[in-house]
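For the sequence shown, the numbering used here begins at 43 and goes up steadily by one. Built from N, CA and C at the ideal position, the CB exists for glycine as well.
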Amino acid sequence: MTEQLQVLLTRLGFRFGINGPHAARTMMVAELRLLFGHTEQEASRNDYTMAVVEQNVLGKPTRKARALTLRHLASLYGLDTANPLFRALRRLWPLNESAQPMLALAVALARDPLLRATQDFILDLPIGGSLPRASVERFLGQACPDRFSTASLKSFAQNVAGTWTAAGLLHGHVRKVRCRPPAYPESLTLLLFLAYLSGRTGQRLFSSGWINLLGGSPDELEELAQSASHRGLLVLMNAGGIKEVRFPGYLTPEEEKIRQEVSHVV
């Protein structure tokens, strides 16, 4: 990926680099549910700080723990209505509780380079294939050489496996097994939106790496997209096998200009 493309995607809410919250935490779906349950959809970053640090809605034992949790959540999700990824997350979040883990995973992948580095590794596992912890540690050690101690590498591997398990792509407590996650119109909408922000349009939206997270057949994905369109989550037009997908109200005019720049760079 070119530096120019990274700069543009960063302006749309993505994060790059070599650091990420998964060095210390999972994607924290339980905390996100609590936080969103105590704040309005239009809440400001100040409101989230007040809820986590001052009101302690997440039930953390010390002020330092509250501040650290807020920092991790902000790194993963933005917690800022100026961030189009976060706005889309909050827009879709209350519509279907079952879709929330995949919604969280999608934004976490866009914003945590460490987690994103494991995506192909997880998706390349066959459905039903087992994933020993040692193989996760070995992969991470090769992907990030000389970066983690043995102890921290073990913790990193556990965090990554915990996130992929919470999102439904792995199953099991001790022995992890690759499985296909449940798919919902809300999660497909956000994944298509991420592909759209990344410069894809039309039919190419459905063949992006984001959509590969669901692993559905083309017919299943189209059915989900039709359902999302009927519910007003997106606009899907299909004429003669040519698809067009739009996301009314998801981007400001300035953000749409940036997205168009991305499409020219990709």
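Taking residue i as part of the alpha helix (DSSP H), name the residues at either end of that continuous run.
{"i": "residue 297", "result": "295-307"}
{"i": "residue 88", "result": "87-91"}
{"i": "residue 219", "result": "Run containing residue 219: none in the alpha helix (DSSP H); it sits in the beta strand (DSSP E), 218-220."}
{"i": "residue 285", "result": "Counting along the chain, residue 285 falls outside any alpha helix (DSSP H), though it belongs to the beta strand (DSSP E) covering 284-288."}
{"i": "residue 49", "result": "45-53"}
{"i": "residue 132", "result": "126-134"}
{"i": "residue 231", "result": "227-239"}
{"i": "residue 250", "result": "From DSSP, residue 250 is part of no alpha helix (DSSP H); its letter is neither H nor E."}
Once DSSP output is grouped into helix, strand and coil, what is the label at residue i?
{"i": "residue 169", "result": "coil"}
{"i": "residue 149", "result": "helix"}
{"i": "residue 114", "result": "helix"}
{"i": "residue 71", "result": "helix"}
{"i": "residue 277", "result": "strand"}
{"i": "residue 212", "result": "strand"}
{"i": "residue 99", "result": "coil"}
According to the neighbour-count rule (16 or more other Cβ atoms, all chains shown, within 10 Å of its Cβ), is residue i buried or exposed?
{"i": "residue 191", "result": "exposed"}
{"i": "residue 49", "result": "exposed"}
{"i": "residue 223", "result": "buried"}
{"i": "residue 142", "result": "buried"}
{"i": "residue 207", "result": "buried"}
{"i": "residue 188", "result": "exposed"}
{"i": "residue 227", "result": "buried"}
{"i": "residue 94", "result": "buried"}
{"i": "residue 44", "result": "exposed"}
{"i": "residue 194", "result": "exposed"}
{"i": "residue 62", "result": "buried"}
{"i": "residue 154", "result": "buried"}
Just reading off the beta strand (DSSP E) that residue i is part of, what are its end residues?
{"i": "residue 94", "result": "Counting along the chain, residue 94 falls outside any beta strand (DSSP E), and DSSP gives it neither H nor E."}
{"i": "residue 201", "result": "Not the beta strand (DSSP E): residue 201 falls in the alpha helix (DSSP H), residues 192-208."}
Kindly give me the distance between the Cβ atoms of residue i and residue j, rounded to whole angstroms, as I take these residues to be in contact under 8 Å.
{"i": "residue 249", "j": "residue 304", "result": "That pair is no contact at about 17 Å."}
{"i": "residue 90", "j": "residue 76", "result": "Going by Cβ atoms, the distance from residue 90 to residue 76 rounds to 12 Å, so no, they are not a contact pair."}
Apart from the five residues on each side of it in sequence, which residues of its chain come closer than 6 Å, Cβ to Cβ, to residue i?
{"i": "residue 83", "result": "132"}
{"i": "residue 160", "result": "202"}
If you drop the 5 nearest sequence neighbours on each side, which residues of the same chain put their C-beta closer than 8 Å to that of residue i?
{"i": "residue 221", "result": "169, 170, 210, 211, 212 and 213"}
{"i": "residue 78", "result": "132, 135 and 136"}
{"i": "residue 247", "result": "234, 237, 238, 253, 285 and 287"}
If I measure Cβ to Cβ from residue i and keep anything under 7 Å in the same chain, skipping five residues before and after, which residues do I get?
{"i": "residue 268", "result": "278"}
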